[in-house]
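Residue numbers (this note's numbering): 7 to 212.
Glycine included, each C-beta is placed from N, C-alpha and C at the ideal position.
Please read the structure below before turning to the comments.
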């Protein structure tokens, strides 16, 4: 039995953040497939037994069951000694970007991808709004990466892994991602990390 168990599915960028952290830090982990698209997370028994919030990722470790990707990344950094802050100032900066990611960078892009690509809604006022907000968030991150290698300092941290949740997803959201050249260079640096895999190779897909 593996040390870490991750409840996940390949299309979930939030689960990918955790899966990538486990893989890059060399942990012994296993994936448990969650059949999101057929309603597993909406079932009361799953919520009672796995996560009352009805979401992935869910990480099981040493008798604990943890939810919410940012909290899980912080926990794993402390447990593994990888990709965390080296002092209090760096830890605060990491959390600053993880909160921005959850509220802006991932939030708008992930919602757009789900509605426009996975649910195939077509173009609507909602997708237009989400795309505009996603582009604005991407522009902020792109500018931040203009003069640095990674989000916090010159080494990979859980801030990078948090923001990386959806940037490797293959679906076309109608955003010209190549125009964010500093993000594209940052993505290339993450791909070069030993153990990197794209989400659809790292997690099970239904």
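Classify residue 37 as helix, strand or coil using the three-state DSSP reduction. DSSP places residue 37 in strand when its eight states are reduced to three.
Quick one: is residue 109 buried, meaning 16 or more other Cβ sit within 10 Å of its Cβ, or exposed? When all chains shown are included, residue 109 counts as exposed.
How many angstroms separate the CA atom of residue 43 from the CA atom of residue 159? One C-alpha to the other measures close to 38 Å.
Over what stretch of residues does the alpha helix (DSSP H) that includes residue 133 continue unbroken? Note, residue 133: alpha helix (DSSP H), 131 to 150.
If I measure Cβ to Cβ from residue 23 and keep anything under 6 Å in the same chain, skipping five residues before and after, which residues do I get? Contacts found: 75, 167, 168, 171.
Let's test the definition: count the other Cβ atoms within 10 Å of the Cβ of residue 194 and tell me whether it reaches 16, buried, or not, exposed. Residue 194 comes out exposed.
Using the beta-carbon count (16 or more within 10 Å), is residue 132 buried or exposed? Exposed, since its Cβ has fewer than 16 Cβ neighbours within 10 Å.
Grab me the residues of residue 40's own chain with a C-beta within less than 7 Å of its C-beta, minus the 5 sequence neighbours each way, in chain order. Cβ neighbours of residue 40 beyond the five flanking positions: 13, 14, 15, 46, 47, 62.
Going by other Cβ atoms of all chains shown within 10 Å of its Cβ, with 16 needed for buried, is residue 37 buried or exposed? Answer is buried; the Cβ neighbour count reaches 16.
Quick one: which unbroken alpha helix (DSSP H) runs of 4-plus residues sit fully inside the segment 154 to 188? Chain order, please. Taking only runs of at least 4 residues, the alpha helix (DSSP H) segments lying wholly in the segment 154 to 188 are 164 to 169.
Have a look at residue 123 and residue 164 and give me their C-alpha separation to the nearest angstrom. Spanning the two alpha carbons is a distance of roughly 27 Å.
According to DSSP, is residue 56 part of a helix, a strand, or is it coil? DSSP, reduced to helix, strand and coil, places residue 56 outside both helices and strands of the structure shown, so it counts as coil.
What ranges does the beta strand (DSSP E) occupy inside the segment 52 to 135, keeping only unbroken runs of at least 3 residues that lie completely in it? Taking only runs of at least 3 residues, the beta strand (DSSP E) segments lying wholly in the segment 52 to 135 are 64 to 67, 70 to 73.
Are the CB atoms of residue 189 and residue 151 nearer to each other than 8 Å? Contact: yes.
Are the CB atoms of residue 201 and residue 29 nearer to each other than 8 Å? Contact: yes.
Just verifying my parser: in three-state terms, what is the DSSP assignment at residue 15? If DSSP states are grouped into helix, strand and coil, residue 15 belongs with coil.
Which value, in whole angstroms, describes the spacing of the CA atoms of residue 145 and residue 208? Just so you know, the alpha carbons of residue 145 and residue 208 end up roughly 28 Å apart.
Compute the Euclidean distance between the alpha carbons of residue 114 and residue 59, then round it to the nearest angstrom. Going from the Cα of residue 114 to the Cα of residue 59 covers about 20 Å.
Host alpha helix (DSSP H) of residue 9 (start-end): Looking at the DSSP string, residue 9 is not in any alpha helix (DSSP H), and its letter there is neither H nor E.
Is the shortest distance between the beta-carbon of residue 126 and the beta-carbons of chain B less than 8 Å? Of the protein chains in the structure, only one exists, and it is not chain B.
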